[in-house]
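**Student:**
Numbering (the working numbering), first residue to last: 39 to 271.
Given below as structure tokens:
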């Protein structure tokens, strides 16, 4: 997916004149993961039935590990460190915790061209554009889903954001996570996304001083450029 994205001119998705603005909701504090998944299930069902408009839901979770559909048992290095949840999203193991913004994206892809590959590319572009507002260059890598940042000393590169989605009846859920200032040592209990040869970074590690509220503002601005208008929920 990452090597087939059109990274040229970006235009918002054409959702048609009858599509209402996407709901944008931010939950304060820490959100229980199991409760979040249950809520997503309800929202996806309502969106599919056209009883609710599309939704982007921003949360922080307590420290947890989640396993995607491609997760390998050997990549869970410390299974007793934090709770581990199996999830239906794509991808492998990832970490969620305080200081990391998780955005659950529930969109009706039938109204957006029924193109899952483009949807993932758009999610990656959303992250890249958000990082750009902090003068951070985020990049795609062939064969590696997510967004990467080159180290200043040119010794390598680190992952700053993950992408893991699921689509049911053309309605998306799960989404992205972007590291603002999480405890990066918490990633040591897994091989993040199955990639051992590269590290993990955050805006804070890159020297960017920003609040979660400032990150949320940047996320919303970039989201609307890529996906279309949003409205507070």
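All residues carry an ideal CB built from backbone N, CA and C; glycine is no exception.
#1: Would you decide whether residue 58 is buried or exposed? Buried here means 16 or more other CB atoms lie within 10 Å of its CB.
#2: Would you please state the rounded distance, in angstroms, between the beta carbons of residue 208 and residue 146? I believe it to be under 8 angstroms.
#3: Near residue 17, what residues of its chain come up, given a Cβ to Cβ distance below 8 angstroms and the 5 sequence neighbours on each side ignored?
#4: Secondary structure at residue 104, three-state DSSP: helix, strand or coil?
#5: How many Å lie between residue 131 and residue 110 at the Cα?
#6: Counting C-beta neighbours from all protein chains within 10 Å, is the total for residue 260 16 or more, i.e. buried, or is it exposed?
#7: Please tell me whether residue 141 and residue 213 are closer than 7 angstroms, where the distance is taken between their beta carbons.
#8: Please classify residue 41 as buried or exposed, where buried requires at least 16 other C-beta atoms within 10 Å of its C-beta.
#9: Bridge partners for residue 185 per DSSP, in chain order?
#10: On a CA-only basis, which of 119, 76, 101 and 178 is nearest residue 68? Give me that one, please.
#11: One question on the structure: do residue 172 and residue 64 come within less than 7 angstroms of each other, judged by their Cβ atoms?
#12: Find out if the Cβ-Cβ distance for the pair residue 195, residue 186 is shorter than 7 angstroms.
#13: Taking just the CA atoms, how far does residue 169 sit from residue 255?
#14: CB-CB under 8 angstroms to residue 258, same chain, minus the five flanking residues each way: which ones, in chain order?
#15: Only counting the same chain, and skipping five residues up and downstream in sequence, which positions put a Cβ closer than 6 angstroms to that of residue 71?
#16: DSSP beta-bridge partners for residue 96?
#17: Check for me: the beta strand (DSSP E) holding residue 161 runs from which residue to which?
#18: If you draw a straight line from the C-alpha of residue 248 to the C-alpha of residue 225, how long is it?
#19: When DSSP labels each residue in this structure, what does residue 119 get in the three-state scheme?
**Tutor:** So, from the listed chains and residues:
#1: Numbered from its first residue, the chain shown carries residue 58 at position 20. Exposed is the call here.
#2: Your numbering for residue 208 matches position 170 in the chain shown. Your numbering for residue 146 matches position 108 in the chain shown. Indeed they touch by this definition, with Cβ atoms about 7 angstroms apart.
#3: Residue 17 lies beyond the range of the chain shown here (39 to 271); nothing can be said about it.
#4: Position 66 of the chain shown, counted from the start, is the residue given in the question as residue 104. Correct three-state label for residue 104: strand.
#5: Here residue 131 refers to the residue found at position 93 of the chain shown. Here residue 110 refers to the residue found at position 72 of the chain shown. Taking the Cα positions, residue 131 is about 8 angstroms away from residue 110.
#6: As a first step, residue 260 must be located in the chain shown, where it is residue number 222. With 16 or more Cβ atoms within 10 Å of its Cβ, residue 260 is classed as buried.
#7: Walking along the chain shown from the start, residue 141 turns up at place 103. Walking along the chain shown from the start, residue 213 turns up at place 175. Yes, the Cβ-Cβ distance between residue 141 and residue 213 is below 7 angstroms.
#8: Residue numbering aside, residue 41 sits at position 3 when the chain shown is read from its first letter. Because residue 41 sits at a pLDDT of 46, beneath the cut-off of 50, its placement in the model cannot be relied upon, and the point is left open.
#9: As a position in the chain shown, residue 185 is number 147, starting the count at 1. DSSP, once it has assigned bridges, lists 199 as partnering residue 185.
#10: One-based indexing of the chain shown puts residue 68 at position 30. The option with the nearest alpha carbon to residue 68 is 101.
#11: Taking the chain shown and counting its residues from 1, the one referred to as residue 172 is at position 134. Taking the chain shown and counting its residues from 1, the one referred to as residue 64 is at position 26. No, Cβ-Cβ distance for residue 172 and residue 64 is not below 7 angstroms.
#12: By 1-based counting over the chain shown, the position of residue 195 is 157. By 1-based counting over the chain shown, the position of residue 186 is 148. Contact: yes.
#13: As a first step, residue 255 is located in the chain shown; it is residue number 217 there, counting from the start. As a first step, residue 169 is located in the chain shown; it is residue number 131 there, counting from the start. For residue 255 and residue 169, the distance between alpha carbons rounds to 12 angstroms.
#14: Locating residue 258 in the chain shown gives position 220, where the first residue counts as 1. Taking C-beta separations shorter than 8 angstroms and ignoring five residues to either side along the sequence, the partners of residue 258 in its chain run 62 and 268, following chain order.
#15: Within the chain shown, the letter at position 33 stands for residue 71. Excluding sequence neighbours, residue 71 sits near 99, 102 and 123.
#16: The residue given as residue 96 occupies position 58 in the chain shown. Partner(s): 64 and 141.
#17: In the chain shown, counting from the first residue as 1, residue 161 sits at position 123. That residue, residue 161, is in no beta strand (DSSP E); its alpha helix (DSSP H) goes 154-170.
#18: By one-based count along the chain shown, residue 248 stands at place 210. By one-based count along the chain shown, residue 225 stands at place 187. Put simply, the backbone Cα of residue 248 is about 21 angstroms away from that of residue 225.
#19: Within the chain shown, the letter at position 81 stands for residue 119. Judged by DSSP in its simplified three-state form, residue 119 adopts coil rather than helix or strand.
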